[in-house]
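**Q** Here's a structure for you.
Numbering (our numbering), first residue to last: 1013 to 1283.
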């Protein structure tokens, strides 16, 4: 085995006070990769219910890339704010959680999300993998993500996770990914769908709620999100993938095709 190719551990680090490196906690998966090559970054934006999370994960698996679900960090932060009694609308209260927490997320295999929170002098670990997907948490995400300082802190954490992953490629999906977190990513995709289609998809995932209730929630969330990010107009250099008329397999294949075309173009330009 050469120095350029060796078994490495994928490290997903949480950021505490002072940026991405402070208060770090790690989640490791053993992989085989090029120790000197930066991962190929595939950035995917999209509104709630567009399919970006499930499609991104399936595309990453097909490409043998890692997957970084940035929305999980915002969901975890919203959950942590409620758990600790913080004011979700006060940026200082939310930042205080980031100053003290340790956040970990797996990049390959079954997703696992853990967070360590401070309770005075005590620190307590929580497996929040299931809890952060509850409908009640979804409705709180916009309240923590609206704070610019919070977004900046988490964006730095996301960049560090990708840079230190040791993987050949990472699909990173969520808000601001194509424009703020990874504006120079070689592949940038805006995945969207009509509100009605997104509501129909989400209704199947949320038992007990009618499609009309889910549609109302999506329209309200779109309005909140629109205050900080445009999920419907691709920035220059971003490829639009509208999944309104695509099934799941077609949506995944559309992403894979875009990535492979970019890889082929890069190989041709480098030859």
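All C-beta atoms in this analysis are idealised placements derived from N, C-alpha and C, irrespective of residue type, glycine included.
Since the structure is predicted, the reported quantities are computational estimates derived from the model, not experimental observations.
1) Using a threshold of 8 angstroms, state whether the C-beta atoms of residue 1205 and residue 1256 are closer than that.
2) Please tell me whether residue 1083 and residue 1213 are closer than 8 angstroms, where the distance is taken between their beta carbons.
3) Decide yes or no for the touch test of the region 1071-1079 against the region 1094-1102: beta carbon pairs closer than 8 angstroms, at least 3 of them.
4) Compute the distance between the beta-carbons of residue 1183 and residue 1068, then report whether it is under 8 angstroms.
5) Under the three-state reduction of DSSP, which class applies to residue 1135: helix, strand or coil?
6) Taking only runs of the alpha helix (DSSP H) that begin and end inside the region 1134-1207, which ones reach a length of at least 4 residues, in chain order?
7) Determine the extent of the alpha helix (DSSP H) in which residue 1225 is found, giving its start and end residues.
8) On the three-state DSSP scale, how would you describe residue 1098?
9) If you count every other CB in all the chains shown that lies within 10 Å of the CB of residue 1148, and 16 or more means buried, which is it?
10) Would you mind sorting residue 1176 into buried or exposed? The rule is 16 or more other CB atoms within 10 Å of its CB.
11) Closest by CA to residue 1208, which one among 1122, 1057, 1109 and 1226?
12) Tell whether a beta-carbon distance below 8 angstroms holds between residue 1138 and residue 1127.
13) In terms of residue numbering, what span does the beta strand (DSSP E) encompassing residue 1054 cover?
14) How long is the line joining the alpha carbons of residue 1191 and residue 1163, rounded to whole angstroms?
15) Would residue 1210 and residue 1059 be called neighbours here (beta carbons separated by less than 8 angstroms)?
16) For residue 1266, which residues of its own chain have a beta-carbon under 6 angstroms away from its beta-carbon, when the five flanking residues on both sides are left out?
17) Mind checking whether residue 1115 and residue 1141 have CB atoms under 8 angstroms apart?
18) Smallest Cα separation from residue 1165: which of 1131, 1086 and 1264?
19) Considering residue 1253, what are the terminal residues of the alpha helix (DSSP H) in which it resides?
20) For residue 1111, report the span of its beta strand (DSSP E) as first-last.
21) In its own chain, which residues sit with a C-beta less than 8 angstroms from the C-beta of residue 1109, not counting the 5 before and 5 after it?
22) State buried or exposed for residue 1260, treating a residue as buried only when at least 16 other CB atoms are found within 10 Å of its CB.
23) Hey, how far is the Cα of residue 1279 from the Cα of residue 1270?
**A** Well, looking at it:
1) Along the chain shown, read from residue 1 onward, the residue named residue 1205 stands at position 193. Along the chain shown, read from residue 1 onward, the residue named residue 1256 stands at position 244. Cβ distance < 8 angstroms, so residue 1205 and residue 1256 count as in contact.
2) Position 71 of the chain shown, counted from the first residue, corresponds to residue 1083. Position 201 of the chain shown, counted from the first residue, corresponds to residue 1213. No, the Cβ-Cβ distance between residue 1083 and residue 1213 is not below 8 angstroms.
3) Segments in contact, no.
4) If you number the chain shown from 1, residue 1183 lands on position 171. If you number the chain shown from 1, residue 1068 lands on position 56. The answer is yes: Cβ separation under 8 angstroms.
5) Here residue 1135 is taken as the residue at index 123 of the chain shown, counted from 1. Residue 1135 falls in the strand class under three-state DSSP.
6) 1147-1150, 1153-1157 and 1160-1175
7) Against the chain shown, residue 1225 aligns to sequence position 213. Where residue 1225 is concerned, the enclosing alpha helix (DSSP H) starts and stops at 1223-1237.
8) Numbered from 1 along the chain shown, position 86 holds the residue referred to as residue 1098. Here residue 1098 sits in coil by DSSP.
9) For the purposes of this step, residue 1148 is taken as residue 136 along the chain shown, with counting starting at 1. Answer is exposed; the Cβ neighbour count stays below 16.
10) Working through the chain shown from its first residue, we reach residue 1176 at position 164. Counting Cβ neighbours within 10 Å, residue 1176 comes out buried, since at least 16 surround it.
11) Sequence index remark: in the chain shown, residue 1208 carries index 196 (1-based). Nearest C-alpha to residue 1208: 1226.
12) Within the chain shown, residue 1138 is the residue found at index 126, counting from 1. Within the chain shown, residue 1127 is the residue found at index 115, counting from 1. Yes.
13) What you label residue 1054 is simply residue 42 of the chain shown in a count that begins at 1. Where residue 1054 is concerned, the enclosing beta strand (DSSP E) stretches over 1052-1057.
14) Here residue 1191 refers to the residue found at position 179 of the chain shown. Here residue 1163 refers to the residue found at position 151 of the chain shown. Taking the straight line from one Cα to the other gives about 13 angstroms.
15) Taking the chain shown and counting its residues from 1, the one referred to as residue 1210 is at position 198. Taking the chain shown and counting its residues from 1, the one referred to as residue 1059 is at position 47. Taking 8 angstroms as the Cβ cut-off, residue 1210 and residue 1059 qualify as a contacting pair.
16) Counted from its first residue, the chain shown places residue 1266 at position 254. The beta carbon of residue 1266 sits closer than 6 angstroms to the beta carbons of 1253 from its chain, once the five residues preceding and following it are set aside; these are given in chain order.
17) For the purposes of this step, residue 1115 is taken as residue 103 along the chain shown, with counting starting at 1. For the purposes of this step, residue 1141 is taken as residue 129 along the chain shown, with counting starting at 1. Not in contact: residue 1115 and residue 1141 (Cβ atoms no closer than 8 angstroms).
18) Taking the first residue of the chain shown as position 1, residue 1165 is located at position 153. Among 1131, 1086 and 1264, the Cα nearest to that of residue 1165 belongs to 1086.
19) As a first step, residue 1253 must be located in the chain shown, where it is residue number 241. Premise fails: residue 1253 lies in the beta strand (DSSP E), 1251-1254, not in any alpha helix (DSSP H).
20) Here the question's residue 1111 lines up with position 99 in the chain shown. Membership of residue 1111 in any beta strand (DSSP E) is not indicated; the residue belongs instead to the alpha helix (DSSP H) covering 1103-1112.
21) Here residue 1109 refers to the residue found at position 97 when the chain shown is read from its first residue. Cβ within range, chain order: 1089, 1092, 1093, 1096, 1098 and 1129.
22) To locate residue 1260, count along the chain shown from 1; it is residue 248. Exposed, because fewer than 16 other Cβ atoms sit within 10 Å of the Cβ of residue 1260.
23) Here the question's residue 1279 lines up with position 267 in the chain shown. Here the question's residue 1270 lines up with position 258 in the chain shown. Straight-line Cα distance between these residues: approximately 14 angstroms.
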